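Protein chains in written order, with this note's numbering: chain A, 1 to 112; chain B, 1001 to 1113.
Laid out in structure tokens, this is it:
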């Protein structure tokens, strides 16, 4: 079964600084990878996904993630964060009959 | 508007008192599932359903029941809630396949005292 590991449970960062949230997945076979975001008091929503093609995928709010097969990673990055990016971020991968298996989440706190 | 609706959003109950959390989706999705979210543990799947009358256990099914009598509804039933079921619960739906997006409800915060 597939699994994902998010190495950082909490990441504090100052506003306008860059950030990287790390995600590693367990299998070296072809994978599909997802990042979901959970804003305070809300459900999860899809941020971006890698299915095939270009290994660099982008979201509409400036985040990007790069699929790296050799390192089995799918790290999420943003060059300059805003207060509104404060949220919990989950990396996810499909596994068997389960559409998604989630990592434990990384809480991003943007400090003014 | 495409959405997954959970009710109630907040619930406080006592140990042993049966409760049901409802989930409804308006996207005609075959696949529905329930997760619980706990600090430091991320989201863990409780039960899932691949279509009407087809349900299966996820990673943490103990103490929960589900039913799928209609495509749009997937209620979560706690027959005898216990304090260790205090958690934040999410329902999700999607079309079958490993490349599709899952849509989540707003969550139900359950406290069992």
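Where is the CB? At the ideal position from N, CA and C, for every residue including glycine.
Here the structure is a predicted model, which is why all the values come from computation and not from measurement.
Between the beta-carbon of residue i and the beta-carbon of residue j, is there less than 8 Å?
i: residue 1021 of chain B; j: residue 1113 of chain B; result: no
i: residue 15 of chain A; j: residue 110 of chain A; result: yes
i: residue 24 of chain A; j: residue 4 of chain A; result: yes
i: residue 1107 of chain B; j: residue 43 of chain A; result: yes
i: residue 73 of chain A; j: residue 2 of chain A; result: no
i: residue 1095 of chain B; j: residue 1030 of chain B; result: yes
i: residue 1085 of chain B; j: residue 1063 of chain B; result: yes
i: residue 1043 of chain B; j: residue 1090 of chain B; result: yes
What residues of chain B sit near residue i, judged by a beta carbon separation below 7 Å?
i: residue 102 of chain A; result: 1042, 1043
i: residue 105 of chain A; result: 1042
Name, please, each residue of chain A whose Cβ falls closer than 9 Å to the Cβ of residue i.
i: residue 1106 of chain B; result: 41, 42, 43
Quick one: list the residues of chain A neighbouring residue i, beta-carbon separation under 7 Å, in chain order.
i: residue 1099 of chain B; result: 32, 51
Taking the straight line between their C-alpha atoms, what separation do you get for residue i and residue j?
i: residue 51 of chain A; j: residue 1101 of chain B; result: 11 Å
i: residue 1097 of chain B; j: residue 87 of chain A; result: 28 Å
i: residue 1028 of chain B; j: residue 1093 of chain B; result: 9 Å
i: residue 70 of chain A; j: residue 102 of chain A; result: 21 Å
i: residue 57 of chain A; j: residue 11 of chain A; result: 22 Å
i: residue 106 of chain A; j: residue 91 of chain A; result: 9 Å
i: residue 1009 of chain B; j: residue 1061 of chain B; result: 21 Å
i: residue 1003 of chain B; j: residue 1069 of chain B; result: 19 Å
i: residue 6 of chain A; j: residue 40 of chain A; result: 19 Å
i: residue 31 of chain A; j: residue 84 of chain A; result: 30 Å
i: residue 93 of chain A; j: residue 1081 of chain B; result: 30 Å
i: residue 1050 of chain B; j: residue 17 of chain A; result: 43 Å
i: residue 1105 of chain B; j: residue 53 of chain A; result: 30 Å
i: residue 1033 of chain B; j: residue 13 of chain A; result: 34 Å
i: residue 108 of chain A; j: residue 1006 of chain B; result: 26 Å
i: residue 1025 of chain B; j: residue 8 of chain A; result: 33 Å
i: residue 59 of chain A; j: residue 48 of chain A; result: 6 Å
i: residue 46 of chain A; j: residue 1016 of chain B; result: 36 Å
i: residue 1056 of chain B; j: residue 1012 of chain B; result: 27 Å
i: residue 75 of chain A; j: residue 68 of chain A; result: 9 Å
i: residue 112 of chain A; j: residue 81 of chain A; result: 10 Å
i: residue 35 of chain A; j: residue 1099 of chain B; result: 13 Å
i: residue 100 of chain A; j: residue 1054 of chain B; result: 18 Å
i: residue 89 of chain A; j: residue 1083 of chain B; result: 27 Å
i: residue 22 of chain A; j: residue 1001 of chain B; result: 33 Å
Using a C-beta to C-beta distance shorter than 8 Å, which residues of chain B count as neighbours of residue i?
i: residue 46 of chain A; result: 1101, 1102
i: residue 9 of chain A; result: 1040
i: residue 90 of chain A; result: 1042, 1043
Leaving out five residues before and five after residue i in sequence, what residues of the same chain have Cβ atoms less than 6 Å from its Cβ?
i: residue 1079 of chain B; result: 1018
i: residue 78 of chain A; result: 19, 62, 63
i: residue 1103 of chain B; result: 1004, 1093
i: residue 66 of chain A; result: 55, 56
i: residue 1052 of chain B; result: 1068, 1071
i: residue 27 of chain A; result: 2
i: residue 1073 of chain B; result: 1024
Note down, in chain order, each residue of its chain lying with its Cβ closer than 8 Å to the Cβ of residue i, except the 5 sequence neighbours on either side.
i: residue 1088 of chain B; result: 1036, 1037, 1038, 1107, 1108, 1109, 1110
i: residue 1075 of chain B; result: 1020, 1021, 1022, 1023, 1066, 1067
i: residue 1045 of chain B; result: 1033, 1034, 1035, 1058, 1059, 1060
Kindly list, in the order they appear in chain A, the residues whose Cβ is closer than 8 Å to that of residue i.
i: residue 1090 of chain B; result: 43, 44
* Along the chain, which unbroken stretches of the beta strand (DSSP E) at least 3 residues long are found entirely within the segment 74-101 of chain A? -> Taken in chain order, the complete beta strand (DSSP E) segments of 3 residues or longer contained in the segment 74-101 of chain A are 87-95.
* Which residue spans inside the segment 10-56 of chain A form an unbroken beta strand (DSSP E) run of at least 3? -> 10-14, 19-21, 33-38, 44-50
* Which parts of the segment 1006-1063 of chain B are runs of the beta strand (DSSP E), unbroken and 3 residues or longer, counting only runs that do not cross its ends? -> 1010-1013, 1019-1025, 1031-1038, 1042-1051, 1054-1057
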